[in-house]
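> Sharing a structure here in structure tokens format.
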Amino acid sequence: MTSAVEQLLEVKTRIAAAEREAKRGPDAVTLVAVSKTFSAGEIQPVLEAGQRIFGENRVQEAQGKWPALREAFPDLELHLIGSLQSNKTKEAVALFDVIETVDREKIAAELAKEMAKQGRSLKLYVEVNTGSEPQKAGIEPREAVAFVKRCREVHGLAIEGLMCIPPADENPGPHFALLEKIAREAGVEKLSMGMSGDYETAIAFGATSVRVGTAIFGGRAYQSQK
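As structure tokens, this is what we get:
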């Protein structure tokens, strides 16, 4: 069976090839290794291989494994890529370095308050629901530019990027193009888009970071989440 470290190296090789194909510079794209549902023991070899940026979906799950890993690897960067509940804001601000899922006024206000209280300055992304899917989190595309403006002007948040998850059954290209267009209008430089099945396409559309889990760690161990 191919190890996670071997698969990590394969993903990095493919990212580099996609950067060249898109005529973008080397290291234009950051790899966020999505480690949700995987244990500290499964993550450690990937850390030892040099990967330092990871994504988690749930605050509570991340609390169970990352504090100890951070002691061993203090230069790691942890991204929250799942929806943030307002009652978890305090814990999220304490644990994560980047929150990619700011998508409503209440969360923006809570983050501003909690970061001030803890003296922490996290990098923040607004999640955009590019497919306007009712079951998904994210701000509606037509509201995104105004929401970024409010986050900055009303809540004092330094929004540095946008994030999206295109509908699973659609060509992701138009969704990536839409996110890039919104980013230009909002004056935002970072684009978190592209996952295991479409990260090379996302790079062609201007992604500055891609969130890759299955292609590195294999299938999710969802049964372990009781």
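If you count by this note's numbering, then the sequence shown holds residues 1016 to 1241, one letter each, in order.
Each residue gets a CB set at the ideal place from its N, CA and C atoms; glycine is no exception.
Span of the alpha helix (DSSP H) holding residue 1085?
Residue numbering aside, residue 1085 sits at position 70 when the sequence shown is read from its first letter. Where residue 1085 is concerned, the enclosing alpha helix (DSSP H) stretches over 1081 to 1087.
> Measure the alpha-carbon distance for residue 1057 versus residue 1168 and round it to whole angstroms.
For the purposes of this step, residue 1057 is taken as the residue at position 42 of the sequence shown. For the purposes of this step, residue 1168 is taken as the residue at position 153 of the sequence shown. Going from the Cα of residue 1057 to the Cα of residue 1168 covers about 42 Å.
> Out of 1104, 1204, 1100 and 1031, point me to the one whose CA is closest to residue 1133's CA.
Taking the sequence shown and counting its residues from 1, one reaches residue 1133 at position 118. The candidate whose alpha carbon is nearest that of residue 1133 is 1104.
> Tell me the residue span of the alpha helix (DSSP H) that contains residue 1196.
Within the sequence shown, numbered from 1, the residue matching residue 1196 stands at position 181. Counting along the chain, the alpha helix (DSSP H) containing residue 1196 begins and ends at 1188 to 1201.
> Would residue 1102 be called buried (16 or more neighbouring beta carbons within 10 Å of its own) or exposed?
Locating residue 1102 in the sequence shown gives position 87, counting from the first residue. With fewer than 16 Cβ atoms within 10 Å of its Cβ, residue 1102 is classed as exposed.
> Does the CB of residue 1052 have a neighbour CB from chain C at under 9 Å?
Structure shown: chain C not included; a single protein chain is present.
> Which stretch, first to last residue, makes up the alpha helix (DSSP H) that contains residue 1208?
As a first step, residue 1208 is located in the sequence shown; it is residue number 193 there, counting from the start. Note, residue 1208: premise wrong, no alpha helix (DSSP H); not H, not E.
> Return yes when the Cβ of residue 1200 is within less than 9 Å of the Cβ of residue 1141, no when it is not.
For the purposes of this step, residue 1141 is taken as residue 126 along the sequence shown, with counting starting at 1. For the purposes of this step, residue 1200 is taken as residue 185 along the sequence shown, with counting starting at 1. The answer is no: Cβ separation not under 9 Å.
> Tell me whether the beta-carbon of residue 1023 lies closer than 9 Å to the beta-carbon of residue 1078.
For the purposes of this step, residue 1023 is identified with residue 8 of the sequence shown, where counting begins at 1. For the purposes of this step, residue 1078 is identified with residue 63 of the sequence shown, where counting begins at 1. Not in contact: residue 1023 and residue 1078 (Cβ atoms no closer than 9 Å).
> What residue ranges within the stretch 1026 to 1068 form continuous alpha helix (DSSP H) runs of no fewer than 4 residues, ordered along the chain?
1055 to 1063, all fully within the stretch 1026 to 1068.
> Using the rule of at least 16 other Cβ atoms within 10 Å of the residue's Cβ for burial, across every protein chain shown, is residue 1116 buried or exposed?
Position 101 of the sequence shown, counted from the start, is the residue given in the question as residue 1116. Burial call: buried.
> Quick check: what's the CA-CA separation for residue 1222 versus residue 1207?
Along the sequence shown, read from residue 1 onward, the residue named residue 1222 stands at position 207. Along the sequence shown, read from residue 1 onward, the residue named residue 1207 stands at position 192. Approximately 6 Å between the Cα atoms of the pair.
> Tell me, which residues are paired with residue 1113 by DSSP?
Position 98 of the sequence shown, counted from the first residue, corresponds to residue 1113. According to DSSP, residue 1113 bridges with 1094 and 1138.
> With distances taken Cα to Cα, identify the nearest neighbour of residue 1172 among 1055, 1019 and 1113.
Position 157 of the sequence shown, counting from 1, holds the residue named residue 1172. Residue 1113 is the option with its Cα nearest to residue 1172.
> For residue 1097, which residues of its own chain have a beta-carbon under 6 Å away from its beta-carbon, when the five flanking residues on both sides are left out?
Locating residue 1097 in the sequence shown gives position 82, where the first residue counts as 1. Excluding residues within five positions, the ones whose Cβ falls inside 6 Å are 1072 and 1073.
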